[in-house]
Amino acid sequence: MFNGTISEVNEAVFKGAKEAVTLCIGLISILVFWLGMMKIAEHAGLLDKLAKLFRPLITRLFPEVPKDHPAMGYILSNMMANLFGLGNAATPLGIKAMEELKTLNGGSTEASRSMITFLAINTSSITLIPTTIIAIRMNYGSASPTDIVGPTLVATICSTISAILIDRYFYYRRTRKG
Amino acid sequence: MQIVSLISLWFIPALIGFILLYGTYKRVPTYESFVEGGKDGIKIAISIIPFLVGMLVAISIFRASGALEFFLDMIRPLFTAIGIPPDVVPLAIIRPISGNAALGMTSDLIAEHGPDSLIGRMASVIQGSTDTTFYVLTVYFGAVGIKKMGDALKVGLLADLAGFIAAIVIVLIVFGG
């Protein structure tokens, strides 16, 4: 309108739509393969094994949750599902974990300390393999589509650690005030 | 930094081999499990088509009309001064709000600048290293009826910012030179 680019805009509408569909079709290959592999891992009990491995670490993050409470189990399985990029499996587990945390908090509609910690870790979720990104990079002819795996892992660890630290900071600020 | 790229290269083949061997060892019907999981992959790919069409059309219009350039010109001096390519800034803003919108933006950046460019790599790492804070917050708290969310949003968004900065710094270190 102001730049005199209206014909380019017309073209852009259809180009953008076409690009999106082509991209999704390209994503199918990797998504199918990767989710298939992850299903094997899940059936082989690999996720449960890892959950056991991480248990000592995670229990320290949630001091208000009793060690053998079902909430801890759901929290762990949610994290493992996230780790393996199983977003669809992670969400119902996360919701179950929240439900358990709510009962621990006496059914209050206010977010408890553990809930905020759980949410903070979830929003900066550690993912081993950023599947979709690799697929997109392949689609656009990257010479080395997986060379971002290492940097992504480091970045996501940084963001998770910051999430935990930020969460702790706000917690101590709250308790000092109250 | 050699080690990071080496891990990147070996990680996926090693993980695939390990999962297959472990699955066989545990007597999992590997092929059946694989197919079962693979079906979800198709569902996901198809279900994101509307999101991507919406977002990519919006971005192409934004770009073709010159509005994106206008916006980038405004923020350019500030971000180039601290060494951040201004092109990734809109991605950082959209990432906590909508995962699929951010995916559209990432693929647009990769298409525009090339997957192996600094911006393409930066977009890849940003996309992979944080999650959609608003979505997780809405779904998790909404599902169990939490009305007062306390510091959750603040904590989530600050963590996103930290992830964004970490992604940029790490990409600059590994691929910048």
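Going line by line, the protein sequences match chains L and H.
Residue 8 is where the first sequence starts when you use the working numbering, and the numbers rise one by one after that.
Residue 47 is where the second sequence starts when you use the working numbering, and the numbers rise one by one after that.
For every residue, glycine included, the Cβ atom is placed at its ideal position computed from N, Cα and C.
Computed from a prediction, not measured in an experiment: that's the story for all the values here.
In this structure, Gly-84 of chain H and Val-16 of chain L do not form a Cβ contact; the two beta carbons are roughly 39 Å apart against a cut-off of 8 Å. Within the model, the alpha-carbon separation for Val-99 of chain H versus Met-86 of chain L is close to 31 Å. If the five residues before and after Arg-141 of chain H are omitted, its C-beta is found closer than 8 Å to the C-beta atoms of Ala-148, Ile-172, Gln-173, Thr-176, Thr-178, Asp-206 and Phe-210, all from its own chain and listed in chain order. Nearest to Gly-145 of chain H by alpha-carbon distance, out of L:Gly-113, L:Ser-131 and L:Phe-125, is L:Ser-131. Ala-147 of chain H: member of the alpha helix (DSSP H) spanning 145 to 159, first to last residue. Take Asp-154 of chain H, set aside five residues on each side of it, and the residues of its chain with a beta-carbon closer than 7 Å to its own are Leu-102 and Ile-105, in chain order. Contacts with chain H at 7 Å (Cβ-Cβ) include Pro-137 of chain L. Counted as a single uninterrupted DSSP element, the stretch harbouring Glu-117 of chain L is not any alpha helix (DSSP H), since DSSP gives it neither H nor E. Assignment of Lys-193 of chain H by DSSP, reduced to helix, strand and coil, places it in the coil class. Residue burial annotation: Arg-120 of chain L is buried, with at least 16 other C-beta atoms found within 10 angstroms of its C-beta. Counting the other CB atoms within 10 Å of its CB gives Arg-167 of chain H a total of 16 or more, which places it among the buried residues.
Interface residue (Cβ-Cβ distance to chain H less than 7 Å): Phe-61 of chain L is not classified as such. Under the three-state reduction of DSSP, Arg-122 of chain H is assigned to helix.
The Cβ of Arg-144 of chain L sits closer than 7 Å to at least one Cβ of chain H. Here Arg-62 of chain L carries a helix assignment [DSSP, helix/strand/coil]. By the Cβ-count criterion, Ala-150 of chain L is exposed, with fewer than 16 other Cβ atoms from all chains shown falling within 10 Å of its own Cβ. Only buried fits Arg-144 of chain L, as 16 or more other CB atoms lie within 10 angstroms of its CB. Chain-ordered, the chain L residues with CB closer than 9 Å to the CB of Ile-65 of chain H read Met-44, Met-45, Ile-47, Ala-48, Ala-51 and Leu-53. The alpha helix (DSSP H) runs lying completely inside the region 145 to 183 of chain L and spanning 4 residues or more number zero. With a threshold of 7 Å between beta carbons, Ile-65 of chain L makes no contact with chain H. In the displayed model, Ala-51 of chain L falls within coil according to three-state DSSP, outside both helix and strand.
The CB of Phe-57 of chain H comes closer than 7 Å to the CB of Val-156 in chain L, given here in chain order.
Not a single C-beta of chain L is nearer than 7 Å to the C-beta of Ser-163 of chain H.
Taking 7 Å as the threshold, the shortest C-beta distance from Ser-175 of chain H to chain L falls below it. Here the alpha carbon of Asp-55 of chain L sits roughly 20 Å from the alpha carbon of Leu-108 of chain L. The beta-carbon separation of Asn-146 of chain L and Gly-33 of chain L, rounded to 4 Å, stays under the 8 Å limit for a contact.
Residue contact with chain H for Ser-169 of chain L: present (Cβ-Cβ distance below 7 Å to some residue of chain H). In this structure, DSSP gives Leu-42 of chain L a helical state, which the three-state scheme calls helix. Beyond the five residues adjoining it in sequence on each side, Asp-174 of chain L comes within less than 7 Å, by CB distance, of Ile-123, Thr-124 and Ala-127 in the same chain, given in chain order. In the three-state scheme derived from DSSP, where H, G and I count as helix and E and B as strand, Glu-71 of chain L is classed as coil. Around the beta-carbon of Glu-49 of chain L, 16 or more other beta-carbon atoms lie within 10 Å, marking it buried. Distance from the Cα of Ala-138 of chain H is smallest, within the candidate group H:Leu-183, H:Met-151 and H:Gly-69, for H:Met-151.
Burial state of Ile-49 of chain H is exposed, judged by a 10 Å Cβ sphere holding fewer than 16 other Cβ atoms. Contact annotation: Ile-130 of chain H and Ile-214 of chain H have beta-carbon atoms nearer than 7 Å. Proximity of Leu-126 of chain L to chain H, defined by a Cβ-Cβ separation below 7 Å, is satisfied.
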